[in-house]
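Read left to right, the sequence shown gives residues 126 to 603 (our numbering).
For glycine and all other residues, C-beta sits at the position ideal for the given N, C-alpha and C.
Heads up: the structure comes next, in structure tokens.
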Amino acid sequence: MFTVDGRTLRCEDVRLVARERIAVTVDEAAVRRAEDAWRLVTELSARREIYGRTTGVGANRDLTIDEDSGPEHGRRLLRSHAGGAGDLLPADHVRAMMLIRLNQLAAGGSGVHPRVLTALAEALTSGAIPRVHSTGAIGTGDLTVLAETGLTLAGERPWADGHLPPVPLDTADALAFMSSNAATLAEATLACLELERLLRASHVVAALSYVVLGGSPEAYATAVHAARPHPGQVRCAGEMRRLLGMTGAPPPGRRIQDPYGLRAFPQVQGPALDSIAYLRNVLTIDINASAENPMVSLAAGDVFHNAHFHTAYLATALDQTRATVHHVAELSAARLGDLVEPSFTDLPAFLADGPPGSSGVMILEYVTHDALAMLRQAALPVTLGTAVVSRGVEDHASFSTQAARQARAAADAYQQVLACELVAAVRALRMRPADLMDLPVRDAFDLADATLDANTADRPFSDDLTKAAALLGQLSEI
126 MFTVDGRTLR
136 CEDVRLVARE
146 RIAVTVDEAA
156 VRRAEDAWRL
166 VTELSARREI
176 YGRTTGVGAN
186 RDLTIDEDSG
196 PEHGRRLLRS
206 HAGGAGDLLP
216 ADHVRAMMLI
226 RLNQLAAGGS
236 GVHPRVLTAL
246 AEALTSGAIP
256 RVHSTGAIGT
266 GDLTVLAETG
276 LTLAGERPWA
286 DGHLPPVPLD
296 TADALAFMSS
306 NAATLAEATL
316 ACLELERLLR
326 ASHVVAALSY
336 VVLGGSPEAY
346 ATAVHAARPH
356 PGQVRCAGEM
366 RRLLGMTGAP
376 PPGRRIQDPY
386 GLRAFPQVQG
396 PALDSIAYLR
406 NVLTIDINAS
416 AENPMVSLAA
426 GDVFHNAHFH
436 TAYLATALDQ
446 TRATVHHVAE
456 LSAARLGDLV
466 EPSFTDLPAF
476 LADGPPGSSG
486 VMILEYVTHD
496 ALAMLRQAAL
506 PVTLGTAVVS
516 RGVEDHASFS
526 TQAARQARAA
536 ADAYQQVLAC
546 ELVAAVRALR
556 MRPADLMDLP
566 VRDAFDLADA
576 TLDANTADRP
586 FSDDLTKAAA
596 LLGQLSEI
């Protein structure tokens with residue numbers, strides 16, 4: 126049983142509920158908070174104009190809704206905004222979206238009827254998934270996805286999987302339910318956790334390459350990073366010292382200075398670690414926020430029109446994260462280039478093991494740079510553009526939706542880059558065994574050695590890359 130309280134949802138909780146069939150319930154205090162907010166906004170709507178409840182939306186904000194057509198106005202809002210296009214969102218993305226929206230509603234700022242919270246919890250528990258489309262948001266509210274979800278809850282759209290009895294959604298619920306970036310936050314959260322996992326694994330993969338290449342420990346010395354103590358850089362250097370057993374005065378490396386793939390790893394990995402930590406902080410705030418417009422404040426006993434729908438924090442954090450991950454991936458590609466170079470390894474070119482002219486792992490460089498090119502495209506900033514919509518009333522957009530979409534693409538590409546380096550590093554350690562007996566990174570080698578094909582003849586690497594990519598999750602925990 127997972128309990129939603131509107132205040133303490135973690136990114137890991139989102140992934141857990143998104144990918145596992147778990148019973149979900151709403152904390153009783155959160156239900157009371159939602160009901161109090163619903164009663165308050167209902168009372169205020171009878172005395173004053175409230176956007177989307179007594180008025181139209183967007184450029185129609187100045188049009189007052191006829192009292193007799195109130196309930197139908199809400200249904201029209203949902204129907205008119207349920208215009209998503211493109212592919213259907215995958216099930217894990219939709220479940221993550223529903224959980225985040227439920228948690229936001231439990232925070233008590235929307236004013237929706239408590240029955241909406243109960244319905245979302247029942248859908249998550251039963252495995253019912255609405256049929257929603259991917260295209261239709263620009264970082265100022267996931268209107269199409271949430272409208273499609275709302276109509277599904279109301280019984281006007283078919284469920285993609287499972288079923289739930291229809292839930293009445295009136296005017297008070299329509300805009301209040303749609304006023305969120307829950308789908309964007311869901312995709313960003315899943316991408317953030319995946320990138321975190323890959324960045325943790327990259328320490329292990331880089332450490333294996335370090336052993337093959339006979340790296341110099343000076344680049345990771347405590348004194349070096351104490352002189353320039355960026356948090357991520359210090360953390361990366363510490364991880365490399367731990368994995369490589371660098372205690373006391375470690376033996377010198379093979380070169381006075383290593384290539385950048387080893388020597389500059391903390392300085393390049395550090396910004397990525399710091400960026401992903403900042404992104405996680407932004408997500409943690411937003412998935413627990415009362416971010417509706419208008420927002421009901423029980424403390425103030427009032428309703429406030431605001432711009433919480435704008436997700437500049439999320440968009441810029443995602444842009445920065447993708448850019449820093451691209452730099453880290455470039456270093457992985459550089460280390461792969463070093464691994465196939467005899468002058469760095471004292472092994473045959475391309476780690477070949479066969480008759481003259483054997484290609485060894487030559488193809489891995491091509492695969493790496495294909496994936497790196499895809500990552501480069503995914504890393505391009507999306508926040509440099511904007512949009513003016515709704516007859517000029519809504520004149521700025523963050524495009525956080527596209528930034529989140531690109532983050533998942535970046536994670537897929539980066540996984541391929543790391544898989545290529547891992548396959549090459551393990552092959553090289555097999556060809557020239559190193560003394561890993563007392564090093565924590567030995568566990569990583571043993572795991573990969575038991576999983577990857579030991580055949581060093583020229584052969585296809587597709588299966589190896591698939592297995593290596595799957596291993597990264599385990600390597601991230603070493």
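Element boundaries [alpha helix (DSSP H), containing residue i]
| i | result |
| --- | --- |
| Met562 | Note, Met562: premise wrong, no alpha helix (DSSP H); not H, not E. |
| Val393 | Phe390 to Asp411 |
| Phe469 | Pro467 to Thr470 |
| Thr150 | That residue, Thr150, is in no alpha helix (DSSP H); its beta strand (DSSP E) goes Val149 to Val151. |
| Phe302 | Thr296 to Met303 |
| Asp444 | Ala437 to Leu464 |
| Leu323 | Ala307 to Leu338 |
| Arg146 | It is not in any alpha helix (DSSP H) - Arg146 carries neither H nor E in the DSSP assignment. |
| Ile225 | Ala216 to Ala231 |
Beta-carbon spacing of residue i, residue j below 8 Å
| i | j | result |
| --- | --- | --- |
| Val142 | Leu224 | yes |
| Leu202 | Ala308 | no |
| Asp563 | Gly370 | yes |
| Asp286 | Ala253 | yes |
| Thr277 | His198 | no |
| Val257 | Val219 | yes |
| Leu456 | Gly386 | yes |
| Leu472 | Arg557 | yes |
| Thr508 | Ala528 | yes |
| Met303 | Ala272 | yes |
| Asn413 | Arg132 | yes |
| Val270 | Met222 | yes |
| Ala332 | Val566 | yes |
| Ser400 | Thr449 | yes |
| Ala210 | Val421 | no |
| Leu213 | Arg226 | no |
| Ser305 | Glu417 | yes |
Host beta strand (DSSP E) of residue i (start-end)
| i | result |
| --- | --- |
| Leu213 | Ala210 to Leu213 |
| Ala285 | Trp284 to Asp286 |
| Val421 | Met420 to Ser422 |
| Phe429 | Asp427 to Phe429 |
Coil, strand or helix - residue i by DSSP
| i | result |
| --- | --- |
| Asp130 | coil |
| Glu519 | strand |
| Ile488 | helix |
| Phe524 | coil |
| Val257 | coil |
| Val514 | strand |
| Thr180 | strand |
| Thr243 | helix |
| Thr683 | Nothing can be reported for residue 683, as the shown portion of the chain is limited to 126 through 603. |
| Val359 | helix |
| Ile175 | coil |
| Ser80 | As displayed, the chain neither begins before 126 nor continues past 603, which places residue 80 out of reach and without an answer. |
| Arg200 | helix |
| Arg380 | coil |
| Pro342 | helix |
| Met371 | coil |
| Ser415 | coil |
| Arg353 | coil |
For residue i, the nearest candidate out of the options (CA to CA)
| i | options | result |
| --- | --- | --- |
| Arg160 | Lys592, Arg501 and Ala231 | Arg is not the amino acid found at residue 160; the sequence shown has Glu there. With distances taken between Cα atoms, Glu160 lies closest to Ala231. |
| Arg146 | Ile175, Ala248, Arg173 and Leu188 | Ala248 |
| Thr591 | Asp578, Ile603 and Arg460 | Asp578 |
| Val542 | Thr274, His451 and Thr581 | His451 |
| Gln540 | Ala458, Thr436, Leu169 and Met365 | Ala458 |
| Pro582 | Ile603, Leu600, Pro481 and Thr493 | Correcting the residue type first, residue 582 is Ala in the shown sequence and not Pro. Among Ile603, Leu600, Pro481 and Thr493, the Cα nearest to that of Ala582 belongs to Pro481. |
| Gly357 | Asp383, Val330 and Ala389 | Ala389 |
| His206 | Leu323, Gly266, Arg178 and Tyr335 | Gly266 |
| Val453 | Thr493, Thr436 and Leu169 | Thr493 |
| Gly251 | Ile175, Val156 and Thr150 | The question names Gly, but residue 251 in the sequence shown is Ser. Ser251 has its Cα closest to that of Thr150, out of Ile175, Val156 and Thr150. |
| Ala536 | Ala573, Leu134, Leu439 and Leu497 | Leu497 |
| Glu281 | Glu602, Pro215 and Pro255 | Pro255 |
| Leu669 | Thr576, Leu561 and Leu165 | The requested residue 669 is not part of the displayed model; the chain covers only 126 to 603. |
| Leu600 | Arg353, Val139 and Leu324 | Leu324 |
| Tyr70 | Met365, Ala311 and Ala352 | This structure cannot settle anything about residue 70, because the visible part of the chain is limited to 126 through 603. |
| Val428 | Arg584, Thr128 and Gly177 | Gly177 |
Heavy atom of the ligand ADP within 7 Å of residue i beta-carbon
| i | result |
| --- | --- |
| Asp471 | You won't find the ligand ADP in this model; it holds no ligand whatsoever. |
Stretch-stretch touch, CB-based, cutoff 8 Å, three pairs: the region 485-503 with the region 512-527: no
Can you confirm whether the region 464-473 touches the region 544-563 when touching is taken to mean that 3 or more C-beta pairs between the two stretches lie within less than 8 Å? yes
Quick check: the region 346-363 against the region 386-403, are at least 3 beta-carbon pairs closer than 8 Å? yes
Are the region 525-542 and the region 503-517 touching, with three or more C-beta to C-beta distances below 8 Å? yes
Examine the Cβ distances between the region 431-446 and the region 399-407 and report whether three or more of them are shorter than 8 Å. yes
Counting pairs of Cβ atoms below 8 Å between the region 372-380 and the region 332-345, do you hit three or more? yes
Between the region 581-595 and the region 304-318, are three or more C-beta pairs nearer than 8 Å? no
How about the region 183-192 and the region 229-245: do they share at least three Cβ pairs that are nearer than 8 Å? no
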